[in-house]
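With my numbering applied, the sequence shown corresponds to residues 918 to 1289, in that order.
We put the CB at the ideal spot given by N, CA and C, even for glycine.
Just so it is clear, the structure is predicted and the values come from calculations on it, not from any experiment.
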Amino acid sequence: MGAVQPPVAAQGRSFIPAQFWPWPRALGDTRDSPVRIEVGVPVEMAEDVFLLRLPLPFALNHINVYLIREDEGWVLVDCGVDTAESRAIWERIASRISPLNRIIVTHHHPDHIGLAGWLAERFDAPVSMTAGEYAVAGRYSDPDRDIIAERFPLWLEHGLSKERSTALLAHMPRYDEQVSHLSADRVGFIDPQQPVRIGQRLWQPIIGQGHAPDHLSLLDESGALLIGGDQVLPTITPNIAVWPGGDQNPLESYFRSLDRFLGMPADTLLLPSHRQPLYGVAARARQILAHHDDRLRALWEACADWTNACELLPALFGRPLRDAEMGFGLGEAIAHLNYLEGRGCLVSDLDGNGVRVFRRCAISTIDQGSPS
């Protein structure tokens, strides 16, 4: 959703109920790790745990992946998108990370799984991920489907014109162009109920929803380290969007998933997929909740009369969206509107052109809280 500054939590009235965000709602502080990160240069974040930053050909121009040293060899968490530039980095450090004992993928998005197949063949390594993420990756890579074209009716329903929807098809990233082929016989599934032994540490899987259906984070048994993937990110928020055939209320699913992070100690080091590692996971999770509460309020206030999701994009983002941003942003707007409708804060209907429009309900339907 872009860079965020944590807003002040609403006092006394909130669009996020206490079951997802308990009172009192003091946000707390985070503290960046002072480590200096350079693209293509592994840096040790904790004993035997190294961060490697890889380039991305997007506005968000990097991903952090993690190499964990074992007695004999390494385990890799996430892989980067499949580009010649990233492959060259892996080739340059190949001798330093051999043997590669296993590849773990947090979720199906191209910047995380993109090079998994190529690396698995290059290092003769197995790949581990959750069953739900593998299933989605399989659908997205199915040559008999056009996942992007399947979104066309959704865009039309929510107010994007046929002309703009047609133009958007050309701007949305194509999965098969960013993700290398991953052989099924290379893949094993992670049991979310069982700890994962990597090197000298035992890691507890934490499964989250909203950003992806079965997103994997890993918390080491001491609570000192969290490999967070995209579930909790510093300074930005993960894209929470509605897609055809997926979760139709992903924002509520995301709020439920943050519960595991709200109780983490202040000295847990978050190793995120993007931006700078930080201390204060629970505080960051609360800041993200406050951000979404603020955006939900902005949408609710903008729905004084019947309005569609496309018309509401300025209220949600505060700036114009271009190219692929429109596809991701519209999906995120729909997610916020579906959440508000599910909470009884909005109602929706189809107008005479078959476009879904939303209008707010009385303020009394919004959950009341106990201000801190």
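Closest Cα partner of residue i within the set the options
i, options, result
"Ala-1005", "Ser-1134, Pro-1189, Ile-1021 and Arg-1039", "Arg-1039"
"His-1075", "Met-1181, Ala-1158, Met-1046 and Glu-1228", "Glu-1228"
"Ala-1066", "Tyr-1092, Thr-1224 and Val-1113", "Tyr-1092"
"Ser-1058", "Leu-1086, His-1098 and Pro-951", "His-1098"
"Val-966", "Gly-1055, Trp-1007, Phe-937 and Ile-1014", "Ile-1014"
"Asp-1131", "Phe-1106, Leu-1142 and Trp-938", "Phe-1106"
"Arg-942", "Asp-1041, Leu-1254 and Asp-1210", "Asp-1210"
"Ser-1003", "Ser-1012, Ile-980 and Asp-988", "Ile-980"
"Asp-1102", "Val-960, Ala-1042 and Val-1159", "Ala-1042"
"Trp-938", "Ala-1226, Leu-1175 and Gly-1244", "Leu-1175"
"Gln-936", "Arg-1177, Glu-1008, Ala-1279 and Arg-1019", "Arg-1177"
"Asp-1184", "Leu-1143, Ser-1012, Arg-1236 and Thr-1224", "Leu-1143"
"Ala-1215", "Asn-1156, Gly-1197 and Gly-1235", "Gly-1235"
"Pro-1155", "Gln-1193, Leu-1077 and Ile-1205", "Ile-1205"
"His-1088", "Thr-1224, Asp-1240 and Ala-1279", "Asp-1240"
"Gln-1193", "Leu-977, Arg-930 and Leu-1071", "Leu-977"
"Leu-1133", "Ile-1153, Ala-1141, Leu-1119 and Pro-1109", "Pro-1109"
"Leu-1195", "Arg-1273, Ile-1153, Trp-1223 and Val-1159", "Ile-1153"
"Pro-934", "Met-1243, Tyr-1256 and Val-1159", "Tyr-1256"
"Ile-1157", "Glu-1008, Ala-1129, Ala-1141 and Asp-1222", "Ala-1129"
"Trp-1035", "Pro-1070, Thr-1047, Val-1104 and Pro-1060", "Val-1104"
Simplified DSSP assignment, three categories, for residue i
i, result
"His-1098", "coil"
"Val-925", "Because the pLDDT at Val-925 is just 36, under 50, the model does not fix this residue reliably, and the value given afterwards should be weighed accordingly. DSSP places Val-925 in coil when its eight states are reduced to three."
"Arg-1068", "helix"
"Pro-1288", "Any reading at Pro-1288 needs caution, since the residue's pLDDT is 35, under 50, leaving its predicted position unreliable; the model's value is listed next. Note: Pro-1288 maps to coil in three-state DSSP."
"Val-972", "Checking the sequence shown, residue 972 turns out to be Pro, not Val. Reduced to three states, the DSSP call for Pro-972 is strand."
"Thr-1185", "coil"
"Thr-1282", "Note on Thr-1282: pLDDT 49, under 50, position unreliable in the model; no value is reported."
"Leu-1175", "coil"
"Arg-930", "strand"
"Met-918", "Unreliable placement is indicated for Met-918, whose pLDDT of 44 sits below 50; the coordinate value is still reported in the next sentence. DSSP places Met-918 in coil when its eight states are reduced to three."
"Phe-1275", "strand"
"Phe-1040", "helix"
"Asp-1268", "coil"
"His-1208", "helix"
"Asp-1137", "strand"
"Trp-1035", "helix"
"Val-992", "strand"
"Thr-1083", "helix"
"Glu-1169", "helix"
"His-1029", "helix"
"Leu-944", "coil"
"Ala-963", "strand"
"His-1128", "coil"
"Phe-1106", "strand"
Residue j beta carbon less than 8 Å from that of residue i
i, j, result
"Arg-1277", "Trp-1217", "yes"
"Ala-1199", "Leu-1179", "yes"
"Phe-1275", "Glu-1249", "no"
"Pro-1162", "Gln-1148", "Pro is not the amino acid found at residue 1162; the sequence shown has Gly there. The answer is no: Cβ separation not under 8 Å."
"Arg-1203", "Gly-945", "yes"
"Cys-1262", "Phe-932", "yes"
"Val-992", "Asn-1018", "yes"
"Ile-1021", "Ser-1045", "yes"
"Leu-971", "Val-956", "yes"
"Arg-1201", "Pro-1151", "yes"
"His-1253", "Leu-1267", "no"
"Leu-984", "Pro-959", "yes"
First through last residue of the beta strand (DSSP E) which encompasses residue i
i, result
"Asn-981", "979-987"
"Ile-1020", "1017-1021"
"Ile-1008", "Looking at the sequence itself, residue 1008 is Glu, so the reference to Ile does not match. That residue, Glu-1008, is in no beta strand (DSSP E); its alpha helix (DSSP H) goes 1001-1010."
"Arg-1118", "1118-1125"
"Arg-1114", "1113-1115"
"Ile-1144", "1142-1146"
Where the alpha helix (DSSP H) through residue i begins and ends
i, result
"Arg-1056", "1048-1057"
"Met-1243", "1241-1259"
"Ser-950", "Segment: none, Ser-950 is in no alpha helix (DSSP H) and carries neither H nor E."
"Leu-1233", "1230-1234"
Test: residue i CB closer than 8 Å to a CB of chain C
i, result
"Phe-1172", "In the structure shown, chain C cannot be found, because there is only a single protein chain."
Residue i CB to nearest heavy atom of the ligand GDP below 7 Å
i, result
"Ser-1139", "In the structure on display, the ligand GDP does not appear, and there are no ligands present to speak of."
Note to self: Across the stretch 987-1000 and the stretch 1030-1037, are there enough close Cβ pairs to call them in contact, namely three or more that are closer than 8 Å?
What the structure shows: yes
Check: Taking contact to mean at least 3 C-beta pairs separated by less than 8 Å, is the stretch 1010-1028 in contact with the stretch 1045-1052?
Finding: yes
Check: Do three or more CB pairs link the stretch 1157-1168 to the stretch 1238-1249 at distances below 8 Å?
Finding: yes
Checklist line | Sufficient close CB pairs (3 or more, under 8 Å) joining the stretch 946-954 to the stretch 1182-1195 | finding: yes
Margin query: Whether or not the stretch 1102-1118 and the stretch 1131-1145 are in contact is what I'm after, with contact meaning three or more pairs of Cβ atoms, one per stretch, closer than 8 Å; do they touch?
Written below: yes
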